[in-house]
Amino acid sequence: MLPPIPQGRPVTSEDVDALIEAMRRGLRGFDVRFKDESWLQRAIARAVRPSNRHYLSSYTTVMFGKIYFPSRRWYALTTPFDLYALLRHEAVHLRDAQRFPVLFELSYLLCLPVGVTARAGWEWRGYAETFRVWAAVKGEIPDWLIESTAERFTGADYLYMWPFPQDIRRRLIRLRRRLVPG
């Protein structure tokens, strides 16, 4: 069970630590790792470089019950709010991976270069949690967050997992209206 999202106050380092501890207690095998310290993550970075040049330096990845942040330096420079939102997003993936172990891992490994993929469904659930954190803590979901999320779904970094830009924007705007009424 994860702690409740802080409501209307800044996220602190203590909130991040408490969330990580709750994830360790509630998710089998959970640990925090760093991509630049993993031979497997460096190998994946080389393999995906044609479509995602920032895999190793900017993206967080869930694999085999672990969260891989880009590096210890990246982690240290990231704000508590951003770490908290990211951890909540990745916790959704970790729960999905435990609930549907084979399907989850295969859907990430076998996503085709173009077209609708199962990964889009998993990512929708993760980004919905990111938006929930924004709504609870900041009281808003800014336009730039909708745009950058839409670009992730429709762009090369996530292998064009949902090639319908207007559709994903509409869905994200509807989600924002639900989470931040008025």
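Counting from 1 along the sequence shown, just add 140 to a position and that's the residue number in our numbering. Built from N, CA and C at the ideal position, the CB exists for glycine as well.
The Cβ-Cβ distance between residue 180 and residue 205 does not fall below 9 Å. Under the Cβ criterion (8 Å, minimum of three pairs), the region 292-305 counts as touching the region 187-197. A contact between stretches requires three or more CB pairs, one per stretch, nearer than 8 Å, and the region 149-164 meets this requirement with the region 210-229. For residue 249, the closest of 230, 202, 163, 269 by C-alpha to C-alpha distance is 202. Excluding the 5 residues flanking it on each side, residue 170 has same chain C-beta neighbours closer than 8 Å at 163, 164, 205, 206, 207, 234, in chain order. Per DSSP, the beta bridge partners of residue 203 are 206. Close CB contacts of residue 307 within its chain, under the 7 Å cut and outside five residues either way in sequence, are absent. CA-to-CA, the gap between residue 176 and residue 280 works out to about 34 Å.
Note: residue 173 is bridge-paired with 208 in the DSSP secondary-structure output.
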